[in-house]
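Structure first, then comments.
Protein chains in written order, with this note's numbering: chain Y, 11 to 483; chain R, -5 to 409.
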């Protein structure tokens, strides 16, 4: 019964998101259907989940208690209407989707590898699901600063305020609350609240189902995006596997309760939608991109900085003639601004900036290259950066290079110039912060590598053609 | 919209995708795959050979086998303990804070360059030393520090110590420091450190089970906590070496591998990823077995009672019967950050206050009549039962009614 309640409750959310996307961001039917379906369905989860939390915020504002009816019914109605409106959408042409999923459009070896990867991922997600179902809320912040809010809001059926120590101590009534991070955003706890409402009780195992769903949807979205960007389905599936098999990402599904997985997924998709919106400039794409950008800000406080890191890439896409120069100027300006900020020792999101360069290289090396967090991701990033160096600023690759470049800059300044370096030394935050950017690095790797491999193939073709012409002469 | 998207996949300044980068040729043939895998295997063997050349202290194939001494062959010279389940469990140091475990091994020093004590639960900050005597200077006790990480002793390379000569007639492990929990010693192994033994140790480190701990959400070590040669580093070096070989060979003899250079490099990278991913998946599967043992089939209450804070959880279950049904203000005091946080978590939706990072009690003066106070293992706070007064470490007193008492835990209501 619990499983049915959860599945139905989250299916409503997912369908709402898919239908909303299909309505506001219609896609041309001439592009490949499998990628569109996967992209729309994958992103649909994130749209639906975020809209759910926005609706719960509205309910709290207008003093309507949380309940299955108050939350779920409007979502069902909205989802139904949108699905009806979207029934002819090109984004949801399901014909052949199942055949594509089973790899029926692939030849012998490719199909075998396709099915092997799908099976491998299925086993993995079965293991992750087992962990979520069995283990109560485990990691530290999950029960000191995220699940705390969810627990209170579920029990009270509304969003009671969480306040600082001073405010709590001086409060005259017990209607204000305190936890280890009262200023953290409500999005992720609200997803747990919805789970608990579906269950009808606080059960801190099953309430974490959204983390597992986030993993599944993220894989679909990455796969769909890569196919839309012209990658062969098998290569796109390999790309999705690279993302989903990052050990630190899987840990954040298995040991659910932190907001970093959501931050990573929403930021990745926000970046990809922003590129699309900058290319097409259609209102639906722009609106969707904005929705994801707002979600980033409302998931974790650093989300606003992550959003800012997307500006250079959007500029590059929107202004192809001067974009790279403008982006370069932005990078330089940002560097100077950060240096000035560092000299004045301000505090941004509890990070004390000051110009005291002291990068903990050894800890950073361990985190990225020696430990098991990332498989061989960062070696691959370095290698691709070297072999594809002449293509990194090409029209195709430059927007992605700008995204990861700006992201690295943000991480670099955090780790090298702020008190966050302590969290690198003790390995407490370095991987979680990097997780927000890592999936985009995988997309960048694939796009850059493709540009280089095309160049190599073309050069080889020219050389071979030249030799043949000489021989004929 | 679609036109622009199509353009984005083949940009004007990019060459059109040549035949061979898409379609059935996006994968290497099985023959090419075999050759690439062979190149990778050879590179791996070459790197392991280099590593062993650097790491093996004496011969690659030593004449002697490792010599192990089980716990029942050890003598507890100083301290208190007993043999339990083939482990020597030392429960207390002597009055000077020293624990000494000794044996008479009779080893030829040159045969055994490394000594590994298999000891766990060594207290943080304890000084651990390996002591020995040899037959050249039997009256002299020699010593060398033993590295300890996460309460476990690391093997000590003694070959370079000038006193590691002749026949070793006495060997001991000395631990200076008070014991908060029993130290467990399974034995000691004298290692000749041949190539196979070193490789076995590394493989053991790479595939050691890494279960969930509090820091897992932040970082995954990838096997044993401390590794002499981390597997990702070795695999990456292997790909680099094999990749370099592929590029050079393809340049001299094009078509040797039956795949383009980018495809060969991509295949190497994916094989490397697959190796590490398989290791991680196996670890995850093993973790699920442990998780199932601990939690599967239990109610949510029983799951919490299987956790580290079971005692606190059980107390709070009783406390919730006493507390009003409407939320009240509850302060949490406790020595450990973990238990303060856990107590708060179990007490929501009451309005709970806990200091997430400090056990200091600056908030004590903020307690008001009608507030509640839960104390878990904080002996600095005293209670005068007859006068119903709490005395804080600062000397401040507060009138309070004792509402519930349990193991290490008390619940008060302020008057």
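Idealized CB from N, CA, C, for every residue including glycine.
Predicted, not measured: the structure shown is a model, and the values here were computed from it.
Give me the chain R residues within the contact set of residue 262/Y, using Cβ-Cβ distance strictly less than 9 Å, ordered along the chain. Within chain R, the residues near residue 262/Y are 211.
Just to make sure I have the definition right: I need the residues of chain Y whose C-beta is within less than 8 Å of the C-beta of residue 335/R. Which are they? Here the neighbours are 150, 153, 154, 190.
For residue 122/R, tell me which candidate among 133/R, 137/R, 299/R, 386/R has the shortest Cα-Cα distance. It is 137/R.
For the alpha helix (DSSP H) containing residue 155/R, name the first residue and the last one. Note, residue 155/R: premise wrong, no alpha helix (DSSP H); not H, not E.
Beta carbon of residue 438/Y nearer than 9 Å to that of residue 213/R: Taking the C-beta atoms as reference points, residue 213/R is found nearer than 9 Å to residue 438/Y.
Under 7 Å, CB to CB, which of the residues in the stretch 285 to 298 of chain R have a partner in chain Y? Legend: CB atoms of the stretch 285 to 298 of chain R lying less than 7 Å from CB atoms of chain Y belong to residues 285, 286, 289, 290, 294, 297, 298.
Does the stretch 235 to 251 of chain Y come close enough to the stretch 115 to 127 of chain Y that 3 or more CB-CB pairs lie under 8 Å? A contact between stretches requires three or more CB pairs, one per stretch, nearer than 8 Å, and the stretch 115 to 127 of chain Y meets this requirement with the stretch 235 to 251 of chain Y.
Residue closest to residue 67/R, alpha-carbon to alpha-carbon, out of 166/R, 20/R, 25/R, 73/R: Taking residue 67/R as reference, the option from 166/R, 20/R, 25/R, 73/R with the minimal CA-CA separation is 166/R.
Counting contacts by CB-CB distance shorter than 9 Å, is residue 225/R in contact with chain Y? Chain Y contact via Cβ: present.
Using a Cβ distance threshold of 8 Å, determine whether the stretch 458 to 468 of chain Y contacts the stretch 241 to 258 of chain R, with at least three qualifying pairs required. Touching, yes.
Reduced DSSP secondary structure (H/G/I, E/B, other) of residue 204/R: DSSP places residue 204/R in the coil class of the three-state scheme, outside both helix and strand.
What ranges does the alpha helix (DSSP H) occupy inside the stretch 40 to 108 of chain Y, keeping only unbroken runs of at least 4 residues that lie completely in it? Look at the stretch 40 to 108 of chain Y and you find these whole runs of alpha helix (DSSP H), each 4 residues long or longer: 43 to 71, 83 to 95.
C-beta atoms of residue 457/Y and residue 389/Y nearer than 9 Å: Not in contact: residue 457/Y and residue 389/Y (Cβ atoms no closer than 9 Å).
Would residue 215/Y be called buried (16 or more neighbouring beta carbons within 10 Å of its own) or exposed? Counting the other CB atoms within 10 Å of its CB gives residue 215/Y a total of 16 or more, which places it among the buried residues.
Which residues in the same chain have their Cβ closer than 7 Å to the Cβ of residue 289/R, if we skip the five residues on either side of it in sequence? If you ignore the 5 residues before and after residue 289/R, its C-beta comes within less than 7 Å of the C-beta of 297, 300, all in its own chain and listed in chain order.
For chain Y, check one thing: does any of its Cβ atoms lie closer than 9 Å to the Cβ of residue 15/R? Residue placement at residue 15/R is poorly supported in this model, since its pLDDT is 39, which falls under 50; the coordinates still yield a value, given next. Yes - at least one Cβ of chain Y is within 9 Å of the one on residue 15/R.
Grab me the residues of residue 176/R's own chain with a C-beta within less than 8 Å of its C-beta, minus the 5 sequence neighbours each way, in chain order. Close CB contacts of residue 176/R within its chain, under the 8 Å cut and outside five residues either way in sequence, are with 75, 83, 84, 85, 115 (chain order).
Less than 9 Å separating the beta-carbons of residue 30/R and residue 230/R? Not a contact, by the Cβ cut-off of 9 Å.
Beta-carbon neighbours of residue 301/R, restricted to chain Y and to distances below 8 Å: Chain-order list of chain Y residues neighbouring residue 301/R: 146, by C-beta distance under 8 Å.
Using 9 Å as the limit for Cβ to Cβ distance, is residue 481/Y near chain R? With a threshold of 9 Å between beta carbons, residue 481/Y makes no contact with chain R.
Considering only DSSP beta bridges, list what residue 61/R is partnered with. According to DSSP, residue 61/R shares a beta bridge with 184/R.
Report yes if the CB atom of residue 202/R is closer than 9 Å to the CB atom of residue 217/R, and no otherwise. For residue 202/R and residue 217/R, yes; Cβs fall inside 9 Å.
Taking C-beta pairs closer than 7 Å, name the residues in chain R that residue 441/Y reaches, listed in chain order. Chain R residues near residue 441/Y: 212, 213.
Can you pull the chain Y residues whose beta carbon is under 8 Å from the beta carbon of residue 229/R, in chain order? Under the 8 Å cutoff, chain Y gives 386.
Other residues of its chain near residue 93/Y: CB distance less than 7 Å, five sequence neighbours each side excluded: Hits under 7 Å: 25, 29.
Please list, in chain order, the chain R residues whose beta carbon lies closer than 9 Å to that of residue 161/Y. Under the 9 Å cutoff, chain R gives 339, 342, 343.
Residue 446/R versus residue 394/R - alpha carbon distance: Absent from the model: residue 446/R. The displayed extent of chain R is -5 to 409, so no value can be given.
Three-pair Cβ contact test at 8 Å for the stretch 303 to 314 of chain Y versus the stretch 270 to 286 of chain Y: Using a Cβ-Cβ distance cut-off of 8 Å, the stretch 303 to 314 of chain Y and the stretch 270 to 286 of chain Y are in contact, since at least three pairs of beta carbons, one from each stretch, lie closer than that value.
Have a look at residue 281/R and residue 231/Y and give me their C-alpha separation to the nearest angstrom. Whole-angstrom Cα-Cα distance: 28 Å.
Quick check on the DSSP output: the alpha helix (DSSP H) that includes residue 29/R runs from which residue to which? Membership of residue 29/R in the alpha helix (DSSP H) is indicated by the continuous run 24 to 49.
What's the C-alpha gap between residue 358/R and residue 343/R? Rounded to the nearest angstrom, the gap between the Cα atoms of residue 358/R and residue 343/R is 22 Å.
For the candidate residues 380/Y, 111/Y, 322/Y, 310/Y, whose alpha-carbon lies nearest to that of residue 335/Y? Looking at 380/Y, 111/Y, 322/Y, 310/Y, the one whose alpha-carbon comes closest to that of residue 335/Y is 322/Y.
Inter-residue Cα distance where the pair is residue 212/Y and residue 161/Y: So the two alpha carbons sit approximately 7 Å from each other.
Should residue 32/Y and residue 54/Y be called a contact, given that it needs their Cβ atoms to be closer than 9 Å? Closer than 9 Å, so yes.
Is residue 308/R a contact residue of the ligand MG, with contact defined as CB to any heavy atom under 8 Å? You won't find the ligand MG in this model; it holds no ligand whatsoever.
Using the beta-carbon of each residue, which ones in chain R are nearer than 9 Å to residue 379/Y? Identification of chain R residues near residue 379/Y by a Cβ-Cβ cut-off of 9 Å yields 224, 226, 227, 230, ordered along the chain.
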